[in-house]
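Participant:
There are 4 protein chains.
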Amino acid sequence: MARTMKAAVFVEKGRIELREKPIPEVGPNDALLRITTTTICGTDVHILKGEYPVAPGLTVGHEPVGVIEKLGSAVVGYQEGQRVIAGAICPNFNSYAAMDGKPSQDGSYLIPSGRCGCHGYKATAGWRFGNLIDGTQAEYVLVPDAQANLAPVPDGLTDEQVLMCPDIMSTGFAGAENAGIRLGDTVVVFAQGPIGLCAAAGARLMGATTVIGVDGNDHRLEVAKQMGADLTLNFKRCDVVAEVMKLTGGRGADAAIEALGTQQTFEGALRVLKPGGTLSSLGVYSEDLRIPMAAFAAGLGDHTIKTALCPGGKERMRRLMNVIEAGRLDLSPMVTHHYRLDDIVAAYELFANQRDGVLKVALKP
Amino acid sequence: MARTMKAAVFVEKGRIELREKPIPEVGPNDALLRITTTTICGTDVHILKGEYPVAPGLTVGHEPVGVIEKLGSAVVGYQEGQRVIAGAICPNFNSYAAMDGKPSQDGSYLIPSGRCGCHGYKATAGWRFGNLIDGTQAEYVLVPDAQANLAPVPDGLTDEQVLMCPDIMSTGFAGAENAGIRLGDTVVVFAQGPIGLCAAAGARLMGATTVIGVDGNDHRLEVAKQMGADLTLNFKRCDVVAEVMKLTGGRGADAAIEALGTQQTFEGALRVLKPGGTLSSLGVYSEDLRIPMAAFAAGLGDHTIKTALCPGGKERMRRLMNVIEAGRLDLSPMVTHHYRLDDIVAAYELFANQRDGVLKVALKP
Amino acid sequence: MARTMKAAVFVEKGRIELREKPIPEVGPNDALLRITTTTICGTDVHILKGEYPVAPGLTVGHEPVGVIEKLGSAVVGYQEGQRVIAGAICPNFNSYAAMDGKPSQDGSYLIPSGRCGCHGYKATAGWRFGNLIDGTQAEYVLVPDAQANLAPVPDGLTDEQVLMCPDIMSTGFAGAENAGIRLGDTVVVFAQGPIGLCAAAGARLMGATTVIGVDGNDHRLEVAKQMGADLTLNFKRCDVVAEVMKLTGGRGADAAIEALGTQQTFEGALRVLKPGGTLSSLGVYSEDLRIPMAAFAAGLGDHTIKTALCPGGKERMRRLMNVIEAGRLDLSPMVTHHYRLDDIVAAYELFANQRDGVLKVALKP
Amino acid sequence: MARTMKAAVFVEKGRIELREKPIPEVGPNDALLRITTTTICGTDVHILKGEYPVAPGLTVGHEPVGVIEKLGSAVVGYQEGQRVIAGAICPNFNSYAAMDGKPSQDGSYLIPSGRCGCHGYKATAGWRFGNLIDGTQAEYVLVPDAQANLAPVPDGLTDEQVLMCPDIMSTGFAGAENAGIRLGDTVVVFAQGPIGLCAAAGARLMGATTVIGVDGNDHRLEVAKQMGADLTLNFKRCDVVAEVMKLTGGRGADAAIEALGTQQTFEGALRVLKPGGTLSSLGVYSEDLRIPMAAFAAGLGDHTIKTALCPGGKERMRRLMNVIEAGRLDLSPMVTHHYRLDDIVAAYELFANQRDGVLKVALKP
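Listed below in structure tokens is the structure:
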């Protein structure tokens with residue numbers, strides 16, 4: 001095995017480039033993966049644009065499909081050569097946050113104050129790849145807490161079929177799960193990018209019977225109809241709130257899922273709700289949000305607002321791959337473009353500008 | 001029985017006055033109560049000030065303790081002469097909203113569109129007394145959906161002991177319930193007025209082991225220590241967020257309860273939370289709220305925000321009276337002042353200006 | 001309108017016959033339905049055989065599709081002539097049990113001790129049609145608590161399409177709901193009669209990805225594959241527990257649904273579970289059950305066992321009809337036979353003996 | 001440090017004796033504790049009697065209070081010399097079962113089939129001390145998965161104050177948690193041994209307002225009144241079901257907790273329930289259980305039956321110690337006797353025969 005590898009590195013605002021880096025050492029609880037397929041996420045574009053700060057020199061990317069190259073000495077139950085994925089968020093399941101029901105919020109060993117062993121976890125710290133440690137847009141990636149985070153890929157599933165599991169599908173489905181969906185619900189999903197599409201599909205899979213996809217892009221609304229939405233609304237051509245009220249006989253939606261991260265989508269999601277409804281938010285916001293009082297019933301509407309960070313861990317990945325293996329959902333049509341890792345700059349250029357109807361790009365080292 | 005009664009009526013902005021009104025007719029599903037004790041709520045002060053709109057001529061008040069004067073022909077299982085309370089919110093439990101788990105949001109028979117029998121409920125419409133129908137600051141009040149809403153008072157409990165059940169205690173406890181409290185939690189309650197005091201007491205009763213009361217009024221903080229708080233913080237003399245972080249070893253609070261209805265308390269409640277924590281909001285807000293992005297972890301913090309309208313119905317009242325009867329909580333110290341209904345103008349004057357250390361006023365016709 | 005009607009009456013053990021009875025009077029909270037379609041349930045067969053005691057002279061049946069003939073004076077939001085269904089269980093939503101979250105357990109006005117207004121509800125007392133009051137196998141039926149229980153049928157749905165909603169679908173789906181299904185679950189359903197078929201369909205609709213139907217009748221297993229099961233097992237030809245362990249790689253099923261009411265199915269459901277799994281029981285048992293200790297891990301297995309009585313009420317019916325209207329599930333193939341009410345004795349004879357591949361019989365007055 | 005230590009070892013049915021054993025080697029994810037206090041559990045008595053099988057030569061005991069003697073190389077955030085406890089159940093939080101919400105059910109690395117990395121966990125396998133690996137009735141014990149299982153003891157709490165946390169308090173509280181207690185509940189706890197006492201205390205701490213302790217031993221019923229019960233019933237002198245029905249006005253208990261492990265207590269717990277009530281079972285059963293059909297409403301009573309294995313992990317221990325540190329509950333009166341480890345045979349003799357009013361014995365090496 002070589003000593004160095006190619007990796008897509010954040011150099012400075014506006015520049016992600018391929019560099020040569022050492023292949024990492026494997027500690028007792030780690031695993032080294034040889035990446036076979038990875039992809040680019042909207043968050044990576046935020047990093048590229050300098051909107052989300054990471055350390056210069058960090059390898060970016062957080063969606064790995066690969067093969068176990070080397071296992072740490074304390075990791076059992078896997079074999080070198082085995083095909084696996086790992087979640088975009090690789091929690092430390094031995095942390096207080098994880099045992100408290102919020103694993104995505106903790107990767108505590110990285111946090112100095114966490115070394116006290118008692119307290120000190122930090123929001124979103126379970127997201128490590130391409131954020132706190134080197135990521136997956138590289139020939140190799142080191143998976144921390146490998147015993148918890150390596151998820152074997154069932155035979156018969158291609159890389160493309162499971163490529164959405166680590167992030168897009170896990171996040172989108174979390175949006176549906178947080179929405180508390182019950183049989184017969186009406187659910188409105190604001191924004192039909194990859195995560196919104198998965199949220200709509202998830203809502204349908206959990207028993208919502210009227211799934212309404214909202215976007216301003218007709219192409220995405222077409223895809224929405226194939227992926228899970230019963231109905232679609234283009235906000236540029238209709239009053240979404242009025243339409244939802246009409247479709248529900250004045251009742252309002254049982255739940256709304258926000259999948260973009262803007263004031264407009266957040267507010268729309270609140271306004272379509274029935275009294276007592278749930279707003280499940282998935283977007284990454286870059287500005288303070290405003291809650292309009294009328295839509296919030298002055299605080300007397302029995303509303304619930306929930307946010308989610310992508311759930312990780314091998315059990316989550318196992319369940320998502322079950323969904324795909326059972327044929328309940330096919331996300332491979334979301335992979336609209338293929339690139340070699342060597343062409344990563346071009347891949348970012350296409351994806352960041354949403355050219356050519358791109359939804360997701362498969363990157364292969 | 002007389003044909004008319006005295007009732008405190010909203011005349012116009014700034015004026016609530018005692019008037020003579022007809023005693024209401026009793027329909028098949030109604031009950032007429034002769035009020036023995038009632039009280040004034042902060043919401044009534046909003047009505048007095050014209051900040052919350054009600055129809056001129058409406059009898060105000062929503063916290064009844066009384067005796068059944070007359071039962072509707074279809075109401076069974078009660079006797080005339082029986083002592084009862086009814087919740088501030090008198091839901092229609094035959095409504096779609098109630099069967100959907102949100103009874104406080106519906107009093108559907110009042111809403112024209114509700115007459116279609118299918119849809120058309122409206123936020124907060126379960127709150128009827130002193131809002132949509134004549135209220136309790138009167139000699140008599142008509143209880144709608146009496147079969148669902150009349151709750152017999154156990155022998156041995158005084159009017160003052162159960163006077164907080166219809167609203168203050170039910171609302172405050174809902175704040176604790178929505179906070180999802182688990183054994184060993186740290187819970188911070190922002191504002192220690194009557195509802196905040198009940199929220200703190202409720203949090204303690206449900207198993208929180210560090211209940212922190214926050215207010216700017218030292219007298220109320222003293223009461224807080226007697227009612228449920230383990231610790232108190234005067235926000236005028238300390239940095240509440242920093243103190244909570246210190247008290248929790250940097251972890252943050254498991255939950256925070258907002259009990260006032262301002263940007264300051266809402267925002268404080270968000271800032272003290274651990275990642276993944278819950279903000280349970282009880283206040284009535286009069287302006288749009290702002291969610292600061294840092295405290296919200298850009299939408300990635302697995303946060304939950306919940307609002308509540310006071311739960312009603314005879315089962316809720318039965319449970320609250322159980323708490324008092326069992327001696328788990330004594331709310332009668334909250335009744336700091338007594339007035340005759342005839343002196344209602346003076347009672348409002350005292351209460352609205354929070355003079356003389358007033359917490360709650362008992363009004364007796 | 002005539003003064004009398006035809007009704008199928010329980011005469012004595014072994015005899016249900018058509019009799020002439022007076023059309024009921026309509027009280028203020030009642031509604032009178034003219035039945036357009038009804039059906040026979042397994043429970044009716046228990047009644048016929050004298051295994052479940054009802055009063056001689058009672059009209060049997062509890063699954064109504066019909067038209068509102070007359071509304072009680074206090075019932076609003078409906079119109080005479082409107083097509084509706086009502087649940088097999090017609091709860092009193094003004095009862096303590098309903099407000100406590102268990103509406104099916106209460107029809108309290110029927111219970112003398114319930115007249116105290118405080119306590120005294122009784123298990124299963126929400127089931128009134130054909131159990132405590134006259135049922136639906138008649139030309140007319142009186143619906144109690146009509147405001148809560150009448151559910152308008154959407155235009156465009158046939159009687160046959162909604163005929164399963166009042167009982168079979170509501171019960172089967174409750175089995176899936178009680179199973180606590182999450183995305184990616186493996187669920188085993190024991191017995192594939194009408195309720196088991198609906199339980200399997202419900203499990204699939206809620207996100208289970210491996211739904212395994214178990215029965216000893218190959219015809220029913222064929223139907224199971226069309227209705228929701230991914231896989232089927234004939235217990236006469238294989239060791240069901242061993243097969244489930246093999247299919248789950250030794251893990252066991254996340255949940256098992258019992259849909260018959262025997263020791264064999266109950267015990268099978270327990271044995272296929274993973275540690276920490278849930279047994280959701282739907283059957284009506286006629287003998288004491290035995291819990292084998294090994295399968296129960298001596299009480300240390302973090303098991304959950306839940307039973308259900310069919311949920312009712314107009315909101316439940318609305319949601320079930322949503323599922324059908326949205327095309328998520330078509331239950332009309334379950335209606336294998338049609339009879340006129342006049343031929344009810346023959347209909348019972350066919351259904352009780354499961355002749356001619358019968359699943360459900362549509363009865364039309 | 002010495003190379004050998006004293007340890008109480010299961011020799012054969014009827015014999016637990018002190019032996020000299022090597023002090024264990026510390027792997028990268030382990031920690032070695034020097035035991036300062038431990039205790040004997042009813043389960044240990046089952047082991048002594050040969051009713052629960054363990055390997056001859058195994059060190060027994062599972063309730064450690066101690067000091068970290070040596071940390072594994074991969075364990076961070078603790079210091080040698082620190083006072084800690086660990087749960088009786090030391091789960092592998094990197095297991096599928098733990099991520100699936102059932103950590104107590106898995107210690108998968110010990111199970112050969114678990115080595116496949118995908119499946120193969122086994123009921124109760126999270127319980128390792130004194131069951132699958134050497135236990136705590138010794139001078140030293142090796143804690144597996146130390147990063148997850150070591151819980152620092154707050155300064156100011158004595159060994160005796162936290163000695164119940166690893167098992168008795170965690171199990172008893174789990175009984176209350178599984179009972180789904182809400183404010184105002186009536187809860188009946190069957191058997192008032194150490195676990196039943198903690199279950200009663202837990203039910204009270206979570207908001208139950210009528211906690212009824214049942215036992216046949218008047219001394220224990222006295223202690224019950226001090227620890228949490230509002231009322232007590234001696235089943236030898238009254239009909240418990242009839243008394244509970246009387247106390248609840250015919251309604252029945254909201255929940256019942258079984259804390260012994262016999263047909264009698266299980267059945268009693270079922271019989272006192274309201275329709276829709278929850279039976280939370282804690283006992284270790286040695287024979288098949290029978291569910292009487294009348295009490296089970298033939299499977300139509302919307303009942304829930306839940307079992308629990310003691311929850312473990314450092315977050316659980318932290319919360320339990322919070323309860324004690326906050327003064328909500330003092331369990332030190334439960335420690336009725338003190339013994340040196342050298343006198344372990346005598347300690348077992350006293351405890352197994354429940355002589356001298358013993359509740360729990362503190363053992364000190």
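Protein chains in written order, with UniProt numbering: chain A, 1 to 365; chain B, 1 to 365; chain C, 1 to 365; chain D, 1 to 365. Backbone N, C-alpha and C define an ideal beta-carbon position, used for all residues, glycine too.
Nearest by alpha-carbon distance to M227/D: which of T43/D, I16/D and S332/D is it?
Facilitator: Closest option to M227/D, Cα to Cα, is S332/D.
Participant: Return helix, strand or coil for L289/C, following the three-state DSSP convention.
Facilitator: In this structure, L289/C counts as strand in the three-state DSSP scheme.
Participant: Please specify which runs of the alpha helix (DSSP H), each continuous and at least 4 residues long, are wholly inside the region 72-96 of chain B, giving them in chain order.
Facilitator: Entirely contained in the region 72-96 of chain B, not one alpha helix (DSSP H) run reaches 4 residues.
Participant: Distance, Cα to Cα, R19/A vs A7/A?
Facilitator: Taking the straight line from one Cα to the other gives about 5 Å.
Participant: Nearest to A90/C by CA position, among Q79/C, A74/C, Y78/C and G61/C, is which residue?
Facilitator: Looking at the sequence provided, one finds Cys at residue 90/C rather than Ala. Selected option, being the one with the closest Cα: G61/C.
Participant: Closer than 8 Å, CB to CB, is F93/A near chain D or not?
Facilitator: Cβ-Cβ to chain D under 8 Å: yes for F93/A.
Participant: Please compile the residues from chain A whose C-beta is within a distance smaller than 8 Å of the C-beta of L28/D.
Facilitator: In the sequence as presented, Leu is not what sits at residue 28/D; that position holds Pro. Under the 8 Å cutoff, chain A gives P28, N29, S73 and A74.
Participant: Taking 8 Å as the threshold (beta carbon to beta carbon), is F351/A in contact with chain C?
Facilitator: No, F351/A does not count as interfacial toward chain C.
Participant: In chain D, which residues lie with their C-beta within 8 Å of the C-beta of A255/C?
Facilitator: Ordered by position in chain D, no residue passes the 8 Å Cβ test against A255/C, which lies about 12 Å from the chain.
Participant: Which residues in the same chain as P24/C place their Cβ atom closer than 6 Å to its Cβ, once the five residues preceding and following it in sequence are excluded?
Facilitator: So the list reads L142, once near-sequence residues are dropped.
Participant: If you draw a straight line from the alpha carbon of T36/D to that of I168/D, how long is it in whole angstroms?
Facilitator: Spanning the two alpha carbons is a distance of roughly 18 Å.
Participant: Taking Cβ positions only, does D106/D come closer than 8 Å to chain A?
Facilitator: Judged by the 8 Å Cβ criterion, D106/D is not in contact with chain A.
Participant: Just by C-beta distance, which residues in the region 313-347 of chain C are closer than 8 Å to chain B?
Facilitator: Answer in chain order: G313, K314, E315, R316 and R318.
Participant: My guess is that N322/D and T209/B are in contact by the Cβ rule of under 8 Å, so how many angstroms apart are they, rounded?
Facilitator: Rounded, the Cβ-Cβ distance is 4 Å, consistent with contact.
Participant: List, in chain order, every chain B residue whose beta-carbon is nearer than 8 Å to that of D302/C.
Facilitator: None at all; the shortest Cβ gap to chain B is about 17 Å.
Participant: Could you name the residues that DSSP lists as bridge partners for S280/C?
Facilitator: Looking at the DSSP assignment, S280/C forms a beta bridge with I257/C and K306/C.
Participant: State yes or no: is the beta carbon of M293/C nearer than 8 Å to at least one beta carbon in chain D?
Facilitator: Judged by the 8 Å Cβ criterion, M293/C is in contact with chain D.
Participant: Applying the criterion that 16 or more other CB atoms from any shown protein chain within 10 Å of the CB defines a buried residue, is G327/C buried or exposed?
Facilitator: Exposed is the call here.
Participant: Using a C-beta to C-beta distance shorter than 9 Å, which residues of chain D count as neighbours of M245/B?
Facilitator: Neighbours of M245/B on chain D: none; closest Cβ ~17 Å, over 9 Å.
Participant: Using beta carbons (cut-off 8 Å, strictly below), is D155/A in contact with chain D?
Facilitator: Output row for D155/A: interface = no.
Participant: Which bits of chain B does M164/C rub up against, with CB to CB less than 9 Å?
Facilitator: Those do not exist, as M164/C stays about 20 Å from chain B at its closest Cβ, beyond 9 Å.
Participant: Cα separation between A174/C and D254/C?
Facilitator: Rounded to whole angstroms, A174/C to D254/C spans 16 Å at the Cα level.
Participant: Using beta-carbon positions only, say whether G283/D and L260/D come within less than 8 Å of one another.
Facilitator: Cβ distance < 8 Å, so G283/D and L260/D count as in contact.
Participant: Look up I16/A in the DSSP assignment and give the residues it is bridged to.
Facilitator: Paired residue(s): F10/A.
Participant: Per the contact definition of three or more C-beta pairs closer than 8 Å, is the region 145-159 of chain C in contact with the region 73-92 of chain C?
Facilitator: A contact exists between the region 73-92 of chain C and the region 145-159 of chain C.
Participant: Determine whether the Cβ of E287/B lies closer than 8 Å to any Cβ atom of chain A.
Facilitator: Taking Cβ atoms only, chain A reaches closer than 8 Å to E287/B, which makes this a yes.
Participant: Let me see if you follow: with CB-CB separation under 8 Å, is A208/A close to chain E or not?
Facilitator: Going by chain labels, chain E is absent from the structure shown, which instead holds the protein chains A, B, C and D.
Participant: Name the one or two DSSP bridge partners that A138/B has.
Facilitator: A7/B, per the DSSP bridge assignment.
Participant: Using a Cβ cut-off of 8 Å (strictly closer), state whether D145/C contacts chain B.
Facilitator: With 8 Å as the cut-off, D145/C counts as an interface residue toward chain B.
Participant: Does the beta-carbon distance from T307/B to G301/A come in below 8 Å?
Facilitator: Cβ distance < 8 Å, so T307/B and G301/A count as in contact.
Participant: Just grab the DSSP bridge partners of T210/D for me.
Facilitator: Looking at the DSSP assignment, T210/D forms a beta bridge with T186/D.
Participant: With DSSP collapsed to three states, give me the class of T262/B.
Facilitator: Looking at T262/B - three-state DSSP - the assignment turns out to be coil, as it is neither helix nor strand.
Participant: Y109/D CB to nearest chain A CB: under 8 Å?
Facilitator: With a pLDDT of only 41 at Y109/D, under 50, the local geometry of the prediction cannot be trusted, and no value is derived from it.
Participant: Distance cutoff 8 Å, beta carbons only. Does G252/C sit that close to anything in chain A?
Facilitator: By this cut-off, G252/C is not an interface position.
Participant: Does G81/A have its Cβ less than 8 Å from a Cβ in chain C?
Facilitator: No, no contact with chain C.
Participant: Once DSSP output is grouped into helix, strand and coil, what is the label at G66/C?
Facilitator: Reduced to three states, the DSSP call for G66/C is strand.
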